[in-house]
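Participant: Shown below is the structure under consideration.
In the numbering used here, the protein residues as written are 3 to 276.
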């Protein structure tokens, strides 16, 4: 109270200086606001332009998103004669399971086919380990934990996608989430509070997936956690006939005996909990 009593007369005695001080503070606040609005936003501990964030949110590769104010264009050397639905599938990351579920209007389950975990030492020698965090050494850039696995995305008894991936872990935090808590790829990124870099490497028809198939190769990565993924959609007819194709498949085939993973996985459709 004493300090306030001493300051009030001084402020009343210097009204011009007080107004100048308020104006200076207002200008400083405005300049800081402008600087925040024009500087790159930061995600995952590195400079991450807001346009890239929007691209990641939309589920397309940041490198191919052109214009985010009045026009958006996804550009890629698409395979010839593919449909709009197929382009959506090929450019999606993080929500393929949800998209397929919406397309077929049915649940999509994930079946783990195999997984193989190794540790690479600095000399390049790989040692096999069970996929349990307690049995694994601490990862590092010179001694990464590497897991190769394959999963099937199933709608009823029909395989709608075969995903084969290589995951490379070089830090303790993603290792705890992936090997310890058994989170899937997309869930690991979200638990880390990171938006992964996404790169669609290649896409095509036939070839890798056999006649009548659609496939893509892409990468997801952030510091300490990197994934290379091949997804094959075995029959392009599914994207043309939709439920009719699925009903034909369900009628013609018996249900295989897969051990299903959780249905609520929302990752990049390639990694499931062990």
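Beta carbons: idealized from backbone N, C-alpha and C, even for Gly.
My assumption, with CB atoms under 8 Å, is that residue 101 sits in contact with residue 90. Please give the rounded CB distance.
Facilitator: Residue 101 to residue 90, Cβ: 7 Å. Contact.
Participant: Just how far apart, CA to CA, sit residue 207 and residue 82?
Facilitator: Going by the C-alpha atoms only, they are around 9 Å apart.
Participant: For residue 202, which of helix, strand or coil comes out of DSSP?
Facilitator: Correct three-state label for residue 202: strand.
Participant: What are the partner residues of residue 231, as DSSP defines its beta bridges?
Facilitator: According to DSSP, which records beta bridges pairwise, residue 231 is partnered with 167, 220.
Participant: Using only the alpha-carbon positions, how far apart do residue 198 and residue 191 sit?
Facilitator: When rounded, the distance between both Cα atoms is 7 Å.
Participant: Going by other Cβ atoms of all chains shown within 10 Å of its Cβ, with 16 needed for buried, is residue 169 buried or exposed?
Facilitator: Classification of residue 169: buried, given that the 10 Å Cβ count is 16 or more.
Participant: Spatial neighbours of residue 107 within its chain, please: C-beta separation below 8 Å, excluding the five flanking residues on both sides.
Facilitator: Answer for residue 107: 245, listed in chain order.
Participant: Below 8 Å on the Cβ atoms is my contact criterion, and I expect residue 211 with residue 234 to pass it. Report the Cβ-Cβ distance as a whole number of Å.
Facilitator: Correct: roughly 4 Å between the Cβ atoms.
Participant: Between residue 147 and residue 166, which are expected to be in contact by the criterion C-beta below 8 Å, what is the C-beta distance as a whole number of angstroms?
Facilitator: Between residue 166 and residue 147 the Cβ distance is about 18 Å, and since that is not below 8 Å, they are no contact.
Participant: Determine, using beta carbons only, whether residue 196 comes closer than 9 Å to chain C.
Facilitator: Among the protein chains of the structure shown there is no chain C, as only one such chain exists.
Participant: Spell out a yes or no on whether the region 176-184 and the region 120-138 are touching, meaning 3 or more CB-CB pairs, one atom from each, closer than 8 Å.
Facilitator: Contact between the region 176-184 and the region 120-138 is present, because at least three Cβ pairs lie under 8 Å.
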